[in-house]
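Written below as structure tokens is the structure these notes are about.
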Amino acid sequence: MFPIRDLNPTRITPLLTILVIVANVVVYFVLQPATESEGMRFTYRHAAIACELTTGQPLTVAEIRNGDCEAASSAAPVFPQKSLVLSVLVSLFLHGSLLHLLGNMWFLWVFGNNVEEAFGHVGYALMYLIGGIAATLAFVVAHPTATDPLIGASGSIAAILGAYLVLYPRHTVLSLVFVMLVPVPASLFLGLWFLGQFAVTDPGVAWEAHVGGFVVGVAIAFALRQTLLGRVERLHRPAYGD
């Protein structure tokens, strides 16, 4: 199933959702190098890498070439000035391909506006960042010695999906199923999406990050559910003369 749109109108302009999409597109087309070799160098310089976060040190040449994480390496790192803390945030705006970017941004566009309406612009921004950070940490816990860069907004977007599930489980997602448009309850669509992560076999897909982000999104939205739904109800309450 692929989501086309949700049948869940909002009363706000999703400014943060639009801003995040624009930021990701600008980073991909303007900041990330177009050539494969320069792109790899850029990614290793700026993206989060589980081994680096585990050891607290940037990777060495040997670690990159061999794929082995050395906890006490005496070799000089390739990028000694790399900020490991900043890399966690930067990774949320990097993508490995145009398809990767488009898929993530489409899911954000379909589901993000309603979550932004519920959380408010500031709360939504915090939710997005917290979800992304939690997703990165979930991957690090699962693969503490991985030496490949972890990139993509999917961890943050997974948190948005988790929040949407808690807040709007009965709303409809118009989905493409094979060649047909089918109205699917959000609870079914997002539930299948979540369970589908455990069936991922592509080593290039960080499904553990998706699961971590989703769970954090569910937890945050569940804890604030009454407040968030109250905010949505007030926004949708008809004004005098409507």
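For the sequence shown, position 85 (counting from the first letter as 1) is numbered 85 according to the working numbering, and the numbering increases by one without interruption. Note that CB positions come from ideal geometry on N, CA and C, so glycine has one too.
Euclidean distance between Cα positions of residue i and residue j
| i | j | result |
| --- | --- | --- |
| Trp281 | Phe119 | Examination of residue 281 is not possible in this model, given that the chain is present from 1 through 242 alone. |
| Ile12 | Lys82 | 39 angstroms |
| Pro265 | Cys51 | Because the chain is modelled from 1 through 242, residue 265 falls outside the range shown and cannot be assessed. |
| Thr54 | Val88 | 13 angstroms |
| Gly103 | Val211 | 17 angstroms |
| Glu20 | Glu38 | At residue 20 the sequence reads Val, which differs from the Glu that was named. Whole-angstrom Cα-Cα distance: 25 angstroms. |
| Pro169 | Val115 | 12 angstroms |
| Leu59 | Ala47 | 12 angstroms |
| Tyr57 | Ile64 | The question names Tyr, but residue 57 in the sequence shown is Gln. Going from the Cα of Gln57 to the Cα of Ile64 covers about 13 angstroms. |
| Arg5 | Ser175 | 7 angstroms |
| Pro33 | Phe42 | 7 angstroms |
| Met180 | Leu84 | 45 angstroms |
| Ser97 | Ser154 | 13 angstroms |
| Glu36 | Val27 | 16 angstroms |
| Leu161 | Asp202 | 21 angstroms |
Residue from the options with nearest C-alpha to residue i
| i | options | result |
| --- | --- | --- |
| Leu108 | Phe222, His236, Val25 and Gly204 | Val25 |
| Pro3 | Ala223, Phe198, Ala158 and Pro183 | Pro183 |
| Val110 | Gly96, Val173, Ile130 and Ser83 | Val173 |
| Ala75 | Ala62, Leu86, Asp68 and Ser87 | Ala62 |
| Pro185 | Met127, Thr147 and Tyr164 | Tyr164 |
| Val261 | Arg225, Ser156, Leu102 and Val85 | As displayed, the chain neither begins before 1 nor continues past 242, which places residue 261 out of reach and without an answer. |
| His121 | Gly103, Arg231, Asp202 and Pro238 | Arg231 |
| Gly152 | Met40, Ile220, Thr35 and Leu101 | Leu101 |
| Thr227 | Leu190, Leu94 and Glu117 | Glu117 |
| Ala158 | Ala221, Val22, Thr145 and Arg41 | Ala221 |
| Met127 | Leu16, Met1 and Thr10 | Leu16 |
| Ala125 | Phe29, Ser156, Tyr44 and Met40 | Ser156 |
| Val205 | Val30, Leu129 and His95 | His95 |
| Ser244 | Phe178, Val218 and Glu233 | The chain is shown only over 1 to 242; residue 244 falls outside these bounds and no answer can be derived. |
Supposed contact pair residue j and residue i - C-beta distance, whole angstroms, cut 8 angstroms
| i | j | result |
| --- | --- | --- |
| Ala134 | Val216 | 4 angstroms |
| Asn66 | His171 | 49 angstroms between Cβ atoms; not a contact. |
| Ala71 | Leu150 | At roughly 19 angstroms, the Cβ-Cβ gap does not stay under 8 angstroms, so Ala71 and Leu150 are not in contact. |
| Cys69 | Thr147 | 6 angstroms |
| Gly123 | Pro14 | Gly123 to Pro14, Cβ: 13 angstroms. No contact. |
| Tyr44 | Val78 | 7 angstroms |
Uninterrupted beta strand (DSSP E) stretches inside the segment 177 to 221 (no shorter than 3 residues): 180 to 185
Kindly confirm or deny that the segment 178 to 197 and the segment 124 to 143 touch, where touching means at least three C-beta pairs closer than 8 angstroms. no
At 3 residues or longer, what runs of the beta strand (DSSP E) sit wholly inside the segment 96 to 180? 172 to 177
Could you give the uninterrupted runs of the alpha helix (DSSP H) lying entirely in the segment 46 to 105, keeping only those of 4 residues or more? 50 to 55, 61 to 66 and 84 to 90
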